[in-house]
Structure formats: C-alpha cells, structure tokens
Ligand code: AMP
C-alpha cells in the first residue's frame, strides 16, 4: 500500500500513515469514567480513530449509549471498584484518561496505585490535592495569589471561606470581618478544616492550557467562566429585595460553563503564566505537568490576574468546545477539542514509539 493511501476511520480520513502505525495505535483503547468531560474525551478519541471504553456507575450508562461515544461500557456499583477491574482494562489495552470526577471519586491515593496505563503525571496529583502544596507550587511559578488569613483576628478585607474537601463550591461563605466570620462559621462545627482566602473582586476567568511532553509546546485551548448557583443569579435581584429576603448568602454550586474569548492583549501574560507553572512543576514533580490543565483566576479592574486554584487535568470548562474553540480553530484549522487533543497526543506518541513519555 502506498504511504499516501487514505484510511477510513469512522467519518475521518487520515492520510500518509503507513499500515504499521495504524495497527500500532489502533491496538489501544481510550477509557474514562462516565462523567464530567467523558463525552468530549470519548468523542475526541473516536475522531482520532481509537476504540473507546466508558466506565459508568449504574444508571449513567444511558448517556454514553445515547450519544454513541462508547464502543464498550463497563458498569460499576461504585467508582472505587475500578481497582477491581484493572486486569480487564489491561487486557483491553486501555489507556485511562483522568478528569476531575475521576480523581474525586477514586481519591488520588488510589489513582496513584493504578496499574492500568494512565495519561498524565500521577506525581502531580498530590500537589494539586493539598491546598498548601498547591500554593507552594503556584507561588514558585511567580503567580499572584489571594492572601491567606491564618488567624481570623487578622481579617482586614472581604474573605471567602472554603472548607477542605468542599465539592463544587458548596458551603463556601463570604465574611467582612472577624465578627462576621465567627457568626457564619458556627453551623460548620463538624467541618475538618478550612482556608480563609482574600475575596478578589473582579471577573472569573478559567484558562485552558495543553502542554505537550512530546514537543514541549504550551497551547492555549480556550477560556470559560462558570455558571454557579446561586451567585450568578444574585444580580437579578435588587439590593433592596436581597435585604428583604431573610438570608441570601452566595453559594458557588457549579451548574455549567460559559465560553469566553479574552482581550487579545492579555494573551502574552496568560501564556507566560502557563509556561511558568509547567517550568515549576518540572522541579517539584519530575517530569512535570503535561497534557491539559487549567488556571482558575479572577481578573481585577487594575488588570491584575489572581490565581486561586489549578486543575492539573482536563476541566469541564472545555466542554462547550467539542468542535474546538476560536483558538484551536486558528491553530489547527480543524475541529480540535481538548479531548481530541489528548487522543492525538497519544496517537503521535505511539507513532513515534514514545508512549512512555505521555503515561504516568
Ligand atoms: P473553587 O471551588 O475554589 O473553584 O471556587 C468556586 C468559585 O468561588 C469560583 O468559581 C469563584 O467564582 C469563587 N472564588 C473562589 N475563590 C475566590 C477568591 N479568592 N476570590 C473571589 N472569588 C473566588
């Protein structure tokens, strides 16, 4: 067969790949847990010619069946049971793609124990899961972070109080000063720990990056802001009515994600921030962070970019971009979601016999 012969994979024609490479990458399957960004990950894998496996909790299979993104569905009673089906996944030649729900449901200690090939650097999970280590990493990268108040007596500006292990911004509260803090913390006696963080007034911006460990290039994949209940609806009630209502404390429960295109003159700074995060990660957890990641920031009217968190893997904010974002369109000239970008990276790694470079 000639080198330039076309091979049909689902709806996609791939040119200039000799049969050996096609066979080599086709022997791998892309697998992930059925939640969070799995639709995008599995669709992206299909677009690159891979077979896919969705690992679902009983009841969630119907989504992955309906959207036809999974060639195989494995149903579990509990996500923790993933450890029990490892042999099956290894036999399938599956490569697991992590996402936030994956890490939350399994816990990073169990993820570290996984024997199934895993896309990404597992060593970075510890740094991301511990608020103190995370802060050390981001500070080391030279980023501007919100001030932390270790003593409530020292609160001298609006703060946001976040409980360790709080899911999806549930149970956060804002306090003005020490007295306000003491009053609002009362119902949370059973909480194990919390952080008192300076509340940054500005607009939230979630930056989606992809760092290739094959080319050492950092890409901007897109941006989003979250749609959070009830904070995103408070502006629809006048201050007078808010006062009239008995208790309208803001909460940050994530409902969805809204795409954003940023002012272009911000891009050099945003790219530099991503590069510095990767550079620092190589020092703290070699070979460092690679694949998709996200900096969660607030941009102030003074044009400061304050980072309050990092996600060291694909974020749900990339979900609106199944067909690609304006940025990936400019770079790739073809639909390129973050899920598809992951699959392409794995495909290139197999082709170049560098699969170890993308597995953790
Ligand atoms: P998180 O759980 O840390 O991702 O935060 C949930 C939401 O709280 C974010 O989407 C922001 O809207 C808001 N938030 C978190 N930290 C801060 C901060 N330091 N200043 C202002 N808003 C924040």
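In our numbering, the protein residues as written are 17 to 376. Backbone N, C-alpha and C define an ideal beta-carbon position, used for all residues, glycine too. Since we're looking at a predicted model, the values are computed, not measured.
Note to self: With H, G and I counted as helix, E and B as strand and the rest as coil, what does DSSP make of residue 54?
What the structure shows: Walking along the chain shown from the start, residue 54 turns up at place 38. Assigned with DSSP and collapsed to three states, residue 54 falls in helix.
Checklist line | Selection from 351, 307, 259 and 92 that minimises the alpha carbon distance to residue 75 | finding: By one-based count along the chain shown, residue 75 stands at place 59. Cα-wise, what sits closest to residue 75 is 92.
Next item on the list: With hydrogens ignored, establish whether the beta-carbon of residue 164 is closer than 7 angstroms to any heavy atom of the ligand AMP.
Entry: Here residue 164 corresponds to residue number 148 of the chain shown, with the count starting at 1. Outside the cutoff, so no.
Next item on the list: With a 10 Å radius around its C-beta and 16 neighbouring C-beta atoms as the bar for buried, classify residue 134 as buried or exposed.
Entry: Locating residue 134 in the chain shown gives position 118, counting from the first residue. Residue 134 should be labelled buried.
Notebook entry, point to check: With 16 as the cutoff for other CB atoms within 10 Å, does residue 397 come out buried or exposed?
Noted result: Given a span of 17 to 376 for the chain in the structure shown, any question on residue 397 remains unanswerable.
Next item on the list: With a threshold of 7 angstroms, establish whether the CB of residue 144 neighbours any heavy atom of the ligand AMP.
Entry: Taking the chain shown and counting its residues from 1, one reaches residue 144 at position 128. Result no, Cβ not under 7 angstroms from the ligand AMP.
Margin query: Given this structure, state the Cα-to-Cα distance separating residue 117 from residue 369, to the nearest angstrom.
Written below: On the chain shown, residue 117 is found 101 positions in, with the first residue counted as 1. On the chain shown, residue 369 is found 353 positions in, with the first residue counted as 1. Looking at the two C-alpha atoms, the distance is approximately 30 angstroms.
Checklist line | residue 238 - DSSP class collapsed to helix/strand/coil | finding: The residue given as residue 238 occupies position 222 in the chain shown. Judged by DSSP in its simplified three-state form, residue 238 adopts strand.
Notebook entry, point to check: Taking DSSP as the reference, what is the three-state secondary structure of residue 213?
Noted result: On the chain shown, residue 213 is found 197 positions in, with the first residue counted as 1. Three-state DSSP puts residue 213 in a strand.
Check: How many Å lie between residue 25 and residue 204 at the Cα?
Finding: Translated into the one-based positions of the chain shown, residue 25 becomes position 9. Translated into the one-based positions of the chain shown, residue 204 becomes position 188. Its pLDDT being 44, under 50, residue 25 is placed unreliably in this model, and the value from its coordinates should be taken loosely. Per the coordinates, the alpha-carbon of residue 25 lies some 54 angstroms from the alpha-carbon of residue 204.
Check: In this structure, does DSSP put residue 226 in helix, strand or coil?
Finding: On the chain shown, residue 226 is found 210 positions in, with the first residue counted as 1. In the structure shown, residue 226 falls within a strand segment according to DSSP collapsed to helix, strand and coil.
Notebook entry, point to check: Taking all protein chains shown into account, do 16 or more other C-beta atoms lie within 10 angstroms of the C-beta of residue 41, making it buried, or fewer, making it exposed?
Noted result: The count along the chain shown starts at 1 and reaches residue 41 at position 25. Result: buried.
Check: How many angstroms separate the CA atom of residue 279 from the CA atom of residue 287?
Finding: By 1-based counting over the chain shown, the position of residue 279 is 263. By 1-based counting over the chain shown, the position of residue 287 is 271. One alpha carbon belongs to residue 279, the other to residue 287, and they sit about 13 angstroms apart.
Note to self: Shorter than 7 angstroms, the distance from the beta carbon of residue 203 to the closest heavy atom of the ligand AMP, or not?
What the structure shows: Within the chain shown, numbered from 1, the residue matching residue 203 stands at position 187. Outside the cutoff, so no.
Checklist line | Inter-residue spacing [alpha-carbon to alpha-carbon] between residue 340 and residue 142 | finding: To locate residue 340, count along the chain shown from 1; it is residue 324. To locate residue 142, count along the chain shown from 1; it is residue 126. C-alpha separation (whole angstroms): 30 angstroms.
Next item on the list: Return helix, strand or coil for residue 292, following the three-state DSSP convention.
Entry: Indexing the chain shown from 1 puts residue 292 at position 276. It is helical.
Check: For residue 268, which of helix, strand or coil comes out of DSSP?
Finding: If you number the chain shown from 1, residue 268 lands on position 252. It is a strand residue.
Check: Exposed or buried, what is residue 250 when buried is set at 16 or more other beta-carbons lying within 10 Å of its beta-carbon?
Finding: Counting from 1 along the chain shown, the entry for residue 250 is found at position 234. Residue environment: residue 250 is assigned as exposed (fewer than 16 neighbouring CB atoms within 10 Å of its CB, all protein chains considered).
Check: Regarding residue 326 and the ligand AMP, is the C-beta to nearest heavy atom distance less than 7 angstroms?
Finding: In the chain shown, the residue the question calls residue 326 occupies position 310. It does not: the Cβ of residue 326 is nowhere closer than 7 angstroms to a heavy atom of the ligand AMP.
Checklist line | Limits of the unbroken alpha helix (DSSP H) element including residue 110 | finding: Position 94 of the chain shown, counting from 1, holds the residue named residue 110. Segment 110-112 is the beta strand (DSSP E) holding residue 110; no alpha helix (DSSP H) there.
Note to self: Do residue 302 and residue 358 have their beta-carbon atoms positioned less than 8 angstroms apart in this structure?
What the structure shows: The sequence position of residue 358 within the chain shown is 342, counting from 1. The sequence position of residue 302 within the chain shown is 286, counting from 1. It is not a contact, given that the beta carbons lie outside the stated cut-off.
Check: Quick one: any contact between the stretch 80-87 and the stretch 95-112, if contact means 3 or more CB pairs under 8 angstroms?
Finding: Not touching, per the Cβ criterion.
Next item on the list: Please indicate yes or no: does the CB of residue 102 lie closer than 7 angstroms to some heavy atom of the ligand AMP?
Entry: Taking the chain shown and counting its residues from 1, one reaches residue 102 at position 86. Checking every heavy atom of the ligand AMP against the Cβ of residue 102, none is found closer than 7 angstroms.
Notebook entry, point to check: The alpha helix (DSSP H) with residue 322 in it runs from where to where?
Noted result: As a working note, residue 322 is residue 306 in the chain shown. From DSSP, residue 322 is part of no alpha helix (DSSP H) but of the beta strand (DSSP E) over 321-327.
Notebook entry, point to check: Going by beta carbon distance, what residues of the same chain come within less than 7 angstroms of residue 28, once the five residues before and after it are set aside?
Noted result: Position 12 of the chain shown holds residue 28. Unreliable positioning characterises residue 28 in this predicted model, as indicated by a pLDDT of 44, which lies under 50. The coordinate reading is nonetheless provided below. If you ignore the 5 residues before and after residue 28, its C-beta comes within less than 7 angstroms of the C-beta of 63 and 65, all in its own chain and listed in chain order.
Notebook entry, point to check: Among all the DSSP beta bridges, which residues are the ones paired with residue 135?
Noted result: The sequence position of residue 135 within the chain shown is 119, counting from 1. Per DSSP, 375.
Notebook entry, point to check: If you compare alpha carbons, which of 96, 97 and 138 is closest to residue 376?
Noted result: Within the chain shown, residue 376 is the residue found at index 360, counting from 1. Of the listed residues, the one whose Cα sits closest to residue 376 is 138.
Margin query: In this structure, how does DSSP classify residue 243 when only helix, strand and coil are distinguished?
Written below: Here residue 243 refers to the residue found at position 227 when the chain shown is read from its first residue. DSSP places residue 243 in strand when its eight states are reduced to three.
Margin query: Going by the DSSP bridge assignment, what does residue 179 pair with across the sheet?
Written below: To locate residue 179, count along the chain shown from 1; it is residue 163. Answer is 210.
Next item on the list: Could you name the residues that DSSP lists as bridge partners for residue 309?
Entry: The count along the chain shown starts at 1 and reaches residue 309 at position 293. Bridge pairing for residue 309: 225 [DSSP].
Check: Grouping DSSP H, G and I as helix and E and B as strand, with all else coil, what is residue 338?
Finding: Here residue 338 refers to the residue found at position 322 when the chain shown is read from its first residue. Coil at residue 338, not helix or strand.
Note to self: Our contact map puts residue 306 next to residue 353 with C-beta atoms below 8 angstroms; I'd like the distance itself, whole angstroms only.
What the structure shows: Numbered from 1 along the chain shown, position 290 holds the residue referred to as residue 306. Numbered from 1 along the chain shown, position 337 holds the residue referred to as residue 353. Not quite, the Cβ-Cβ distance comes to about 18 angstroms (not below 8 angstroms), so this is no contact.
Margin query: Please report the straight-line C-alpha distance between residue 314 and residue 107, rounded to a whole angstrom.
Written below: For the purposes of this step, residue 314 is taken as residue 298 along the chain shown, with counting starting at 1. For the purposes of this step, residue 107 is taken as residue 91 along the chain shown, with counting starting at 1. If I take the Cα positions, the gap works out to 45 angstroms.
Note to self: According to DSSP, simplified to helix, strand and coil, what is residue 70?
What the structure shows: For this step, residue 70 is matched to residue 54 along the chain shown. Residue 70 falls in the strand class under three-state DSSP.
Next item on the list: Could you tell me if residue 213 is buried or exposed, where buried requires 16 or more neighbouring beta carbons within 10 angstroms of its beta carbon?
Entry: Taking the first residue of the chain shown as 1, we reach residue 213 at position 197. Around the beta carbon of residue 213, 16 or more other beta carbons sit within 10 angstroms, so the residue counts as buried.
Next item on the list: Could you check if residue 98 is buried or exposed, using at least 16 other CB atoms within 10 Å of its CB as the buried criterion?
Entry: Here residue 98 corresponds to residue number 82 of the chain shown, with the count starting at 1. Buried, because 16 or more other Cβ atoms sit within 10 Å of the Cβ of residue 98.
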